[in-house]
Amino acid sequence: MLELRGLHVGYGRTAVVHGVDIEVPDGAVVAVMGHNGAGKTTLLRAAVGLLPARSGTVLLGGEDVTRTRPHQRVRAGLAYVPQGQQSFGQLTARENLQLVADVAGSQGARRLDEALDLFPALRGLLTRRAGLLSGGQRQQLAIARALITGPRLIVLDEPTEGIQPSVVAEIEDAIVQLASGGLSVLLVEQHVGFALAASSHYYVLESGRVTAHGAGGVAQEGDVRAAMAI
Amino acid sequence: MDALFSQLFAGLSLGSVLLLAALGLALTFGQMGVINMAHGEFMMAGAYTAFVLQAFIPDAGVSLLVALPVGFVVGGLLGLLLEVTLISRMYRRPLDTLLVTFGVALVLQQLARDVFGAPNVDVRAPAWLSGAVPVLGMNLPKTRLFILALAIACVVALSLVLKTTSLGRRIRATVQNRDLAETSGVSTRATDRLTFFVGSGVAGVAGVALTLLGSIGPTLGTNYIVDAFLVVVVGGIGQLKGAVIAAFSLGILQATFEYSTTASLAKVLLFVVIVAFLQVRPQGLVSVRTRSLA
C-alpha cells in the first residue's frame, strides 16, 4: 500500500533521515519505533508530503507520489494524524469534521457518521470549539478527521502520547478495530508493548536509519527492546 | 442633543466607509497576514468600474446596482492576478510583500491616469439616492444611509460565508494551521487564491460605494489605505467582529474630534488615541483565546 524507498529527508543543511526503506503491505499494521530525535516524525512528514524528499521515492498503492502535494496524497487515500493532538482550535468539533467531509463530497456525510460511531464521546461535543477540548478528545477528533478522508492507509504519529490513560485504551482499541476492518496503518509509537501487539511488522529507527526490522507480535518485544537499547 | 445625534450619525457614516475599505483587508491582512498596499487601488478600480458602466447604462440607478457585483469581480480579479503573479512567491516575507504591492499600487495609479486622465471624474448618483430622509428632526442624506446599509450587508454576507460555507471553513482552517489543513485534504494554495479574490472583491465594492460620496480619481485608494490598515490593527487580527467595532469606533471618534477641532487636528488626536490604545492592548480589540495553541 505504501512504500518508502531509499528516502532521504532533512531540514536546511541538516540531513535527518538517511535512506530509509519501509513497506506497509495492504491491510497490514506497521509500527516504527525509536528514540526521540531518531527521525520518526520527519520520516512521516516526508511520507505525507509536508517535507520534500531529497532523494528516494514514496509509492502509494504502487503509484509514485513523491512530487505531489499533501492534499493530493490525502485524496489518493493517505490519511495523516500528526503528533500532538492537532486540531483547528477556533473551529467547532463539527466544523473540524465537516471541513474534511466537504472535500470527501457525496461520501462525506456517511463517513462523518461512521467516524462518530467509532468515537461516540465526540457526539456530545460537536458544538464546542476544538481548542476547548481535552487532549484525548482532540486526538479522537484528529483520528475522526483522518477517517473521513476515506483512507486506504492511515499514518499515526504517536497517537497516545500525552493523553490521559482512560482515553489511551479507547484510542488503542479504535486502531485495532480499524486495522481489523482492512485499513493499512503506519504507526509511530513509544509504547513498545502496544505497538508490537497491534502490528504485523516493525521497524526500529535510529539516527535516521533502520537498525532492526521484522515481524510484529508481542513475542518480539525482547528483540525490539534490545535493538532500541532500552 | 441634535448636535450630539448628528455627530453620531456622521461618525457612523464615516465608520461605514472605513468598514467597507477595511473589510477586504480584514481577510487578506487580518486572516492571511499579507500586507497589500495595493488594496486601495482595488477600491479605485471598483470606482472606475462604476464610472465606465454608467457610460453603457444610461439609468444611474441600474448602473449602480450593476456596478456593485461587477466591481466585486473587477477588484477580485485584480487581487487574484496579484496573488498568483507576485504575492504567492513571498508568503512569510512581509517586508518584500509591502514593497512589491506598494510598487503595484503606483503602477495601477499611473495606469488609471493614462486611461482616464489625471483630473477627477464624477459618477452620477441615482435619483432615488438624492435628497435626505428626515429622522428625529435631522436630514440624513440617502447616499450615506445607502453606504451604511451596504457596509452592514457586506459584513453579514462575509460572516455568513466564513461561518456557514465550505469555503469559509477552508479559509479559517488554512489560516489557523496550513499544514494541518493540507493534510486534511484542503488545497491551501487554492484557498489562498479564493480568499484573496474575495477580499479584493470587497475592495471593489467599497470603491463603487465611494463614487456616491464625491468625485473619484487615480489617488482615491491612497486616501483610504492607511485608515483601512488602522481599522484592522485596532480591531484585532483574525476576526471580522473586531474590524466592525473598530471601524465604527474610529469613525465616531474622528467625527467627534472634527466637531470640536479641525479636520487635521482630529486626525492627529485620533492617531494619539490609537497609539495609546495599542500600547495597552497590542493585540487589538478582539483577540482569540483557546485552550491550546493548536
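Same order as they appear, the protein sequences are chains G and H.
Heads up: the first sequence at position 10 corresponds to 9 in numbering that gives the first Met the number 0, and the numbers run straight through without jumps.
Heads up: the second sequence at position 261 corresponds to 260 in numbering that gives the first Met the number 0, and the numbers run straight through without jumps.
Ideal Cβ placement from N, Cα and C applies to all residues, glycine included.
Since we're looking at a predicted model, the values are computed, not measured.
Proximity below 7 angstroms, CB of residue i to CB of residue j
i	j	result
G/Asp-272	G/Pro-81	Since the first residue of chain G shown is 0 and the last is 229, residue 272 of chain G is not available in this structure.
G/Arg-208	G/Ile-147	no
H/Ser-207	H/Gly-45	Sequence inspection shows Val at residue 207 of chain H; the Ser mentioned does not correspond to that position. Yes. Within cutoff.
H/Gly-39	H/Gly-200	no
H/Gly-216	H/Met-42	no
H/Gly-29	H/Gly-250	no
G/Leu-186	G/Met-0	no
G/Ala-194	G/Val-217	no
H/Val-33	H/Leu-52	no
G/Phe-87	G/Ala-27	no
G/Ala-273	G/Leu-124	Given a span of 0 to 229 for chain G in the structure shown, any question on residue 273 of chain G remains unanswerable.
G/Val-274	G/Val-16	Past the boundaries of the shown model lies residue 274 of chain G; chain G is included only from 0 to 229, so the question cannot be answered.
H/Ala-227	H/Gly-234	no
G/Ile-154	G/Tyr-79	With the sequence shown as reference, residue 154 of chain G is identified as Val, and Ile is not the correct amino acid for it. Yes. Within cutoff.
G/Leu-3	G/Val-29	no
H/Gly-304	H/Gly-198	Nothing can be reported for residue 304 of chain H: it is not among the residues displayed for chain H, which extend from 0 to 293.
H/Ala-37	H/Thr-210	no
H/Thr-194	H/Met-31	yes
H/Val-285	H/Gln-238	yes
G/His-70	H/Val-174	no
H/Ala-150	H/Leu-18	yes
G/Thr-65	G/Val-57	yes
H/Arg-171	H/Thr-187	no
G/Glu-149	G/Ala-103	According to the sequence displayed, residue 149 of chain G carries Gly and not Glu. Yes, Cβ-Cβ distance for G/Gly-149 and G/Ala-103 is below 7 angstroms.
G/Ala-214	G/Ala-226	no
H/Thr-182	G/Val-31	no
G/Gln-163	G/Gly-135	yes
Between the CA atoms of residue j and residue i - distance to the nearest angstrom
i	j	result
H/Leu-179	H/Thr-142	45 angstroms
H/Trp-127	H/Ala-205	20 angstroms
H/Gly-167	G/Ala-145	20 angstroms
H/Arg-169	G/Arg-68	17 angstroms
H/Gly-116	H/Phe-276	41 angstroms
G/Gln-97	G/Gly-107	8 angstroms
H/Tyr-258	H/Leu-268	12 angstroms
G/Ala-178	G/Ser-199	10 angstroms
H/Phe-256	H/Val-272	11 angstroms
G/His-190	G/Thr-159	9 angstroms
G/Ser-54	H/Asp-95	32 angstroms
G/Gly-83	G/Gly-161	8 angstroms
G/Val-99	G/Glu-169	23 angstroms
G/Ile-21	H/Leu-229	53 angstroms
H/Val-120	H/Ala-111	11 angstroms
H/Arg-290	H/Ile-56	Confidence is the limiting factor: at H/Arg-290 the pLDDT is only 42, short of 50, which leaves the residue's position unreliable, though a coordinate-based value still follows. Near 55 angstroms, if we compare the C-alpha coordinates of H/Ile-56 and H/Arg-290.
G/Leu-42	G/Leu-121	30 angstroms
G/Leu-140	G/Asp-112	13 angstroms
H/Ile-133	H/Leu-80	Ile is not the amino acid found at residue 133 of chain H; the sequence shown has Pro there. Near 45 angstroms, if we compare the C-alpha coordinates of H/Leu-80 and H/Pro-133.
G/Asp-25	G/Arg-44	21 angstroms
Where residue i falls, given that 16 or more other Cβ within 10 Å makes a residue buried
i	result
H/Lys-162	exposed
G/Gly-181	exposed
G/Val-183	At residue 183 of chain G the sequence reads Ser, which differs from the Val that was named. Flag for G/Ser-183 reads buried.
G/Gln-219	buried
H/Leu-159	exposed
H/Met-137	exposed
G/Glu-94	buried
H/Ala-293	With a pLDDT of 35 at H/Ala-293, under the threshold of 50, the modelled position of this residue cannot be trusted; read the value that follows with caution. Burial call: buried.
G/Gln-138	buried
H/Pro-118	exposed
H/Phe-4	exposed
H/Leu-26	buried
G/Ser-165	exposed
G/Ser-206	exposed
H/Ser-129	exposed
H/Gly-14	buried
H/Val-279	exposed
H/Tyr-47	buried
G/Ala-37	buried
query = At which residue ranges does the segment 95-164 of chain G contain complete beta strand (DSSP E) runs of 3 or more residues, listed in the order of the chain?
reply = Contiguous beta strand (DSSP E) elements confined to the segment 95-164 of chain G occur at 152-156, taking only those with 3 or more residues.
task = Please list the residues of the segment 182-210 of chain H that have a C-beta atom closer than 7 angstroms to any C-beta atom in chain G, keeping them in chain order.
result = Hits within the stretch, in order: Thr-182, Ser-183, Gly-184, Val-185, Ser-186.
query = Going along the segment 46-68 of chain G in order, which residues come within less than 9 angstroms of chain H, judged by CB to CB distance?
reply = Hits within the stretch, in order: Val-47, Gly-48, Leu-49, Arg-68.
Completely contained alpha helix (DSSP H) runs for the segment 99-186 of chain H, where each covers 4 or more residues = Inside the segment 99-186 of chain H, DSSP marks whole alpha helix (DSSP H) runs of 4 or more residues at positions 141-163, 165-175, 177-181, from first to last along the chain.
request  = Enumerate, from N- to C-terminal direction, the unbroken alpha helix (DSSP H) stretches of 4 or more residues contained entirely within the segment 181-223 of chain G.
outcome  = Qualifying alpha helix (DSSP H) stretches, in chain order: 191-197.
Length-filtered (3 minimum) beta strand (DSSP E) runs lying within the segment 208-241 of chain H = DSSP runs (the beta strand (DSSP E)) wholly in the segment 208-241 of chain H: none.
ask   = the segment 162-175 of chain H: which residues have C-beta closer than 8 angstroms to a C-beta of chain G, in chain order?
value = If the cut-off is 8 angstroms between Cβ atoms, the segment 162-175 of chain H has Ser-165, Arg-168, Arg-169, Arg-171, Ala-172, Gln-175 near chain G.
message = Which complete alpha helix (DSSP H) runs does the segment 19-92 of chain H hold, if anything under 4 residues is left out?
response = Runs of the alpha helix (DSSP H) spanning 4 or more residues and lying entirely within the segment 19-92 of chain H occur at 38-55, 59-84, in chain order.
message = Under 7 angstroms, CB to CB, which of the residues in the segment 136-155 of chain G have a partner in chain H?
response = If the cut-off is 7 angstroms between Cβ atoms, the segment 136-155 of chain G has Arg-144, Thr-148 near chain H.
query = Of all the residues that make up the segment 20-37 of chain H, which are near chain G by a beta-carbon distance shorter than 7 angstroms?
reply = Those would be none; no residue qualifies.
key: Segments assigned beta strand (DSSP E), at least 3 residues, entirely inside the segment 9-36 of chain G   = Fully enclosed beta strand (DSSP E) runs of 3 or longer: 13-23, 28-32.
request  = Please name the residues in the segment 95-123 of chain G whose beta-carbon is closer than 7 angstroms to at least one beta-carbon of chain H, in chain order.
outcome  = Across the segment 95-123 of chain G, CB contacts with chain H closer than 7 angstroms involve Gln-97, Leu-98, Val-99, Asp-101, Val-102, in sequence order along the chain.
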